[in-house]
Structures are given as structure tokens and as C-alpha cells.
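Engineer:
Numbering (the numbering used here), first residue to last: 3 to 295.
(1) Work out the CA separation of residue 113 and residue 299 for me, nearest whole Å.
(2) Might you give, ordered along the chain, the residues of its own chain that have their beta carbon closer than 8 Å to the beta carbon of residue 163, omitting 5 neighbours on each side?
(3) Assign residue 137 to one of two classes, buried (16 or more other C-beta atoms within 10 Å of its C-beta) or exposed (fewer than that).
(4) How is residue 36 classed by DSSP in three states: helix, strand or coil?
(5) Which partner residues of residue 206 appear in the DSSP bridge assignment?
(6) Are at least three pairs of beta-carbons, each pair with one atom in the stretch 271-283 and one in the stretch 142-159, less than 8 Å apart?
(7) Let me know if residue 183 comes out buried or exposed under the rule of 16 or more other beta-carbons within 10 Å of its beta-carbon.
(8) Counting along the chain, where does the beta strand (DSSP E) carrying residue 160 start and finish?
(9) Tell me the DSSP secondary structure of residue 234 in three-state form.
(10) Which residue comes first and which comes last in the beta strand (DSSP E) that contains residue 74?
(11) Per DSSP, what kind of secondary structure is residue 27 in: helix, strand or coil?
(12) Kindly indicate which three-state DSSP category residue 189 falls into: helix, strand or coil?
(13) Spatial neighbours of residue 295 within its chain, please: C-beta separation below 8 Å, excluding the five flanking residues on both sides.
(14) Taking Cβ positions, are residue 234 and residue 261 nearer each other than 8 Å?
(15) Measuring alpha carbon to alpha carbon, tell me which residue in 24, 110, 41, 58 is nearest residue 91.
(16) Counting Cβ pairs closer than 8 Å, one from the stretch 221-235 and one from the stretch 15-22, do we hit at least three?
(17) State the start and end residues of the unbroken alpha helix (DSSP H) segment that holds residue 62.
(18) Pop quiz: residue 213 and residue 172 are said to be a contact at Cβ under 8 Å. What is the actual Cβ separation, rounded to whole angstroms?
(19) Identify, in the order they occur along the chain, each residue of the same chain with its Cβ nearer than 7 Å to the Cβ of residue 65, setting aside the five sequence neighbours on each side.
(20) For residue 132, count the other beta carbons within 10 Å of its own beta carbon; 16 or more makes it buried, fewer makes it exposed. Which is it?
(21) From residue 43 to residue 227, what does the alpha carbon distance come to, in whole angstroms?
(22) Mark residue 125 as exposed unless 16 or more other C-beta atoms lie within 10 angstroms of its C-beta, in which case mark it buried.
(23) Express the C-alpha separation of residue 267 and residue 224 in angstroms, rounding to a whole number.
(24) Going straight from the alpha carbon of residue 264 to that of residue 222, what length do you get?
(25) Of the residues 103, 117, 69, which one's Cα is nearest the Cα of residue 95?
(26) Within 10 angstroms of the Cβ of residue 123, are there 16 or more other Cβ atoms? Answer buried if so, exposed if not.
(27) Determine the burial state of residue 158: buried for a count of at least 16 other Cβ atoms within 10 Å of its Cβ, exposed for fewer.
(28) Does residue 225 come out as helix, strand or coil in the three-state DSSP assignment?
(29) Are the beta-carbon atoms of residue 109 and residue 99 separated by less than 8 Å?
(30) Any heavy atom of the ligand MG closer than 7 Å to the beta-carbon of residue 233?
(31) In or out: residue 47 buried (at least 16 other Cβ within 10 Å) or exposed?
Spelled out as C-alpha cells, the structure:
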């Protein structure tokens, strides 16, 4: 079961990999006749979204990419967003478009994302991108899935012929990650809310990837000795361990779907939260942007 032959737990630190990738992306952009342009579309003023967007803007600036941040009021119509994206699809000076989630309840985020043409869908989440990907045609690999794959590779975790359990089957993370790792030769099992033998599946796996959005749900009862664990979840919780639902709450911390303290002495490697998959998702987003050239 043990992938790393180590006497200590290895941290899959996405921030270290991000800095390495940042320099490579910067050098590649210098070779272009013009910097790639990414447009980020945001609706409202969600504090978590603001933070994620700032990370993308900061990284884009560091590598020489141009990031345009378009903010729309909370009450904007879905049809107006679609029209704006259709205009951006036709703009030859724009190379990538992403929609920052979440969106207000009156807007169907899938409809908005689906309006992005696949060539500029650098998040890889539109229906057209998914159909092309599953048919074996050219499309962008969803950023989080690509980030997870590259994080594992950077730390020498070979998934070919290994058993990989993916907890969560969302269009955003679980499904594309399972698809990508299957393509890379892993024996992938997808677990979701209706899966009855989740613990049996996870304990028999070499790599466990968790993307369920439930803070600290996965404890050591799900984990076997020597496994590699990738924690995709990130939730702000109060000191009492409850989800932070109010922006006025200042005392909180970010935790993953995995109870880090409970499993750390059992696993051979694990990604931290924050600082694991998050930085890699940003890197993969800009790698996809560069691929548009």
C-alpha cells in the first residue's frame, strides 16, 4: 500500500510546486508576441470569491499574463451574462474566460459556463468542453483535475496501475479528476453519497482523493497505513468547528474534508489545507491559458 518508502509523513505542498511552475510559465510567456489575456467574470461581492480572484490576479501579474476582472451586480440577469460572454468569445484579444463561482440563486451557473466557447474555456467546465474531452477531442483539462495530477507527479506519486478512490463526483472536481486519472492508467473508483461501502473502497486504495465539501468528515477510519491522500475541500469554520456563514465573523480557520490531525500519522503523504490543491488549481488555470496560444 505504501507509495513512499519513508519513515515520516510527506506533505504535498502545492505552494512549493506553484513557485517552480510560476518561473516556467513566466519564461514561456516572454516568448510570446503578446501576453495571454484572461477575463474573470464575477457576480456580487462574495468574500471567498474575492480572495480566490485576488490569488489569480496576483499569479497572473507575476507571470506576465493580463487578467481582466469584470464584476456585475448581484441582480444582473442571466441572459446579460450570457450575452457578455458571447461577445468575449468573439473578441480575438481575449484568450481565456472563467466564471467565478458561486453565482446568485437566480442564475444557473451551468448555463453561464456553457456559453463559453471551448477554445477559451480554460477552466474546462462547460458542457462542450466535457463532451469534447469524453470523445477524445481537444479541450482544456479542468483546472483542479490538472492541478491534482501535476501535484502527484511533482512528488513522485505514480498512479498507473494503482487503485485510486475519488470521493465526490461533481462536474467541477470529482468527475474530471476520475476521468483524468483513469486516462493516466489508474484503477479509479468513484464514491458518492449513495455508495454503501465507502470505507472499504478507500482503505483498499493506494491514493484517496477527497472532494465532498464536508469539513473534516474523513477520519482515520477511512484510511489505511501508507496511503497518499489529496484533500480538495476547503471550508471556513469557527472556533467551535461550525461552518462560517457570516462575513462579520473574524475568528475562523480554513480546513479540508480530511481530518488532518487524525490521519497524519497513518498516511505516507497528504496535501495540506490551505496550500495543497488550491495553488495547483491556479497554476493549472494559467497553464490552460498558455495552451490557447
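Glycine residues also receive a C-beta, built at the ideal position from the N, C-alpha and C atoms.
Structural biologist: The relevant details are as follows:
(1) Because the chain in this structure spans residues 3 to 295, residue 299 falls outside the shown range and cannot be described.
(2) Numbered from its first residue, the chain shown carries residue 163 at position 161. Within the same chain, residue 163 has close Cβ partners 187, 188, 189.
(3) In the chain shown, counting from the first residue as 1, residue 137 sits at position 135. Exposed, by the Cβ-count rule.
(4) Here the question's residue 36 lines up with position 34 in the chain shown. Coil.
(5) Residue mapping note: residue 206 aligns to position 204 of the chain shown, counting from 1. The partner list for residue 206 (beta bridge, DSSP) is empty, contrary to what the question assumes.
(6) yes
(7) Locating residue 183 in the chain shown gives position 181, counting from the first residue. Classification for residue 183: buried.
(8) Here residue 160 refers to the residue found at position 158 when the chain shown is read from its first residue. Unbroken run through residue 160: none, as it is neither H nor E.
(9) By one-based count along the chain shown, residue 234 stands at place 232. Looking at residue 234 - three-state DSSP - the assignment turns out to be coil, as it is neither helix nor strand.
(10) As a working note, residue 74 is residue 72 in the chain shown. Note, residue 74: beta strand (DSSP E), 68-74.
(11) Taking the chain shown and counting its residues from 1, one reaches residue 27 at position 25. Helix at residue 27.
(12) Looking up residue 189 in the chain shown gives position 187. Correct three-state label for residue 189: strand.
(13) Position 293 of the chain shown holds residue 295. Excluding positions up to five away in sequence, the list reads 34, 38, 97.
(14) In the chain shown, counting from the first residue as 1, residue 234 sits at position 232. In the chain shown, counting from the first residue as 1, residue 261 sits at position 259. The answer is no: Cβ separation not under 8 Å.
(15) Within the chain shown, the letter at position 89 stands for residue 91. The candidate whose alpha carbon is nearest that of residue 91 is 41.
(16) no
(17) Here residue 62 refers to the residue found at position 60 when the chain shown is read from its first residue. Segment 49-65, the alpha helix (DSSP H) holding residue 62.
(18) Mapped onto the chain shown, residue 213 falls at position 211. Mapped onto the chain shown, residue 172 falls at position 170. About 7 Å separates the two Cβ atoms, so the contact holds.
(19) As a working mapping, residue 65 is identified with position 63 in the chain shown. If we look at residue 65 and ignore the five residues flanking it on each side, its Cβ neighbours are 24, 27, 28, 31, 288.
(20) Taking the chain shown and counting its residues from 1, one reaches residue 132 at position 130. Buried: at least 16 other Cβ atoms inside 10 Å.
(21) Within the chain shown, residue 43 is the residue found at index 41, counting from 1. Within the chain shown, residue 227 is the residue found at index 225, counting from 1. Roughly 43 Å between the two C-alpha positions.
(22) Start at 1 with the first residue of the chain shown, and residue 125 comes out as number 123. With 16 or more other Cβ atoms within 10 Å, it is buried.
(23) As a position in the chain shown, residue 224 is number 222, starting the count at 1. As a position in the chain shown, residue 267 is number 265, starting the count at 1. Those two C-alpha atoms are separated by around 13 Å.
(24) Position 262 of the chain shown holds residue 264. Position 220 of the chain shown holds residue 222. Going from the Cα of residue 264 to the Cα of residue 222 covers about 6 Å.
(25) Position 93 of the chain shown, counted from the first residue, corresponds to residue 95. Residue 95 has its Cα closest to that of 69, out of 103, 117, 69.
(26) Stepping through the chain shown from its first residue, residue 123 is reached at position 121. Buried, because 16 or more other Cβ atoms sit within 10 Å of the Cβ of residue 123.
(27) Working through the chain shown from its first residue, we reach residue 158 at position 156. Under this definition residue 158 is an exposed residue.
(28) Counting from 1 along the chain shown, the entry for residue 225 is found at position 223. Three-state result, residue 225: coil.
(29) Walking along the chain shown from the start, residue 109 turns up at place 107. Walking along the chain shown from the start, residue 99 turns up at place 97. Contact flag unset, no.
(30) With respect to small molecules bound, the structure shown includes none, and the ligand MG cannot be examined in it.
(31) Sequence index remark: in the chain shown, residue 47 carries index 45 (1-based). Exposed, by the Cβ-count rule.
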